[in-house]
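Quick note: the sequence shown, position 38, residue 116 per my numbering, numbers continuous.
Please read the structure below before turning to the comments.
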Amino acid sequence: MDYQHQFLKGDKQLPVGKVVCIGRNYAEHAKELNNPVPDEPLLFIKPSTAIIPLSQSIVLPQGRGGLHYETELAILIGQRLTHASEAEAGQAIAGVGLALDLTLRDLQSTLKSKGLPWEKAKAFDGSCSLSAFAAPAGLDLTQLEFNLWINDALRQQGNTAQMLLPVTALLAYISEWFTLLPGDVVLTGTPAGVGQLQAGDQLRLQLDQVIQDETRVV
Ligand code: ZN
Numbered sequence: 079m080d081y082q083h084q085f086l087k088g089d090k091q092l093p094v095g096k097v098v099c100i101g102r103n104y105a106e107h108a109k110e111l112n113n114p115v116p117d118e119p120l121l122f123i124k125p126s127t128a129i130i131p132l133s134q135s136i137v138l139p140q141g142r143g144g145l146h147y148e149t150e151l152a153i154l155i156g157q158r159l160t161h162a163s164e165a166e167a168g169q170a171i172a173g174v175g176l177a178l179d180l181t182l183r184d185l186q187s188t189l190k191s192k193g194l195p196w197e198k199a200k201a202f203d204g205s206c207s208l209s210a211f212a213a214p215a216g217l218d219l220t221q222l223e224f225n226l227w228i229n230d231a232l233r234q235q236g237n238t239a240q241m242l243l244p245v246t247a248l249l250a251y252i253s254e255w256f257t258l259l260p261g262d263v264v265l266t267g268t269p270a271g272v273g274q275l276q277a278g279d280q281l282r283l284q285l286d287q288v289i290q291d292e293t294r295v296v
């Protein structure tokens, strides 16, 4: 794997670790897929081999059903977190960026209906497309807006204020189950508006005033 974390400013370096994700962290998205809002956070993991830079084109897997985009705020971890408090979690954030949690939705539905794990639908090579990271200083993580346009049409519009479990509470919760290490990334869930990607799609992602990035589907 040749992916390295990219930073908008500075020459910081962090190893590339795992990606811990939360499902259904926005009520409107749970509703659009006819999923109940969970009583307890639903976590899953993508391995480091799932990560590609957003600057690299997304390749549609062949013969595996529809590939869906989910635009999510991505948090880069800078310090080890185990059974962390929310204050410790806030201190450990090294960067804020955007991710596409790419999902083989048809396969995921099949696996879900059989009660099987989701990894083949969620954790395959290239299933986590990541932007560069901005420093968290000066950003209010409780009200960050982010958007996705596909072929210039606005398809997803999220605000972290709509999260069921806000960023620092999510990091603290994750650290009760999985130790987070420097270089790990946390995906914080997707707002409503997910859908299927088609070859030729041009995607533009924006996070507040700090990140604007593009990718395409081939
Ligand atoms: Zn997701």
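Beta carbons are placed, not taken as given, at the ideal position from N, Cα and C, and that holds for glycine.
All values reported here derive from a predicted model rather than from experimental measurement.
Residue environment, residue i, which counts as buried when at least 16 other CB atoms sit within 10 Å
{"i": "Asn112", "result": "exposed"}
{"i": "Ala231", "result": "exposed"}
{"i": "Lys96", "result": "buried"}
Beta-bridge pairing of residue i - partner residues as DSSP gives them
{"i": "Val295", "result": "Ile136"}
{"i": "Asn237", "result": "Glu223"}
{"i": "Arg61", "result": "As displayed, the chain neither begins before 79 nor continues past 296, which places residue 61 out of reach and without an answer."}
{"i": "Gly273", "result": "Tyr147"}
{"i": "Tyr104", "result": "Met241"}
{"i": "Ile153", "result": "Val174 and Val264"}
{"i": "Asp49", "result": "It is not possible to answer for residue 49, since the shown part of the chain is limited to 79 through 296."}
{"i": "Phe256", "result": "Note: Phe256 sits in no beta bridge, so no partner."}
{"i": "Pro131", "result": "Leu208"}
{"i": "Leu121", "result": "Ile100"}
Residue i CB to nearest heavy atom of ligand 1 below 8 Å
{"i": "Glu164", "result": "no"}
{"i": "Asp179", "result": "yes"}
{"i": "Thr238", "result": "no"}
{"i": "Gly101", "result": "yes"}
{"i": "Gly175", "result": "no"}
{"i": "Leu86", "result": "no"}
{"i": "Leu265", "result": "yes"}
{"i": "Thr188", "result": "no"}
{"i": "Thr268", "result": "yes"}
{"i": "Glu254", "result": "no"}
CA nearest to the CA of residue i, picked from the options
{"i": "Val272", "options": "Tyr81, Ser209, Gln82 and Ile228", "result": "Ile228"}
{"i": "His146", "options": "Gln290, Gln284, Ala277 and Pro214", "result": "Ala277"}
{"i": "Leu180", "options": "Asp262, Leu189, Leu208 and Pro260", "result": "Leu208"}
{"i": "Asp50", "options": "Ala213, Ala212, Pro214 and Ser135", "result": "Here the chain has residues from 79 to 296 only, and residue 50 is not among them."}
Short CB-CB distance (under 9 Å) between residue i and chain B
{"i": "Pro93", "result": "The chain labelled as chain B is not found in the depicted structure, where only one protein chain is given."}
At least 3 beta-carbon pairs within less than 8 Å: the segment 229-244 vs the segment 167-187: no
Three-pair Cβ contact test at 8 Å for the segment 184-203 versus the segment 151-166: no
Touching by the beta-carbon criterion (3+ pairs, under 8 Å), the segment 280-288 and the segment 182-189: no
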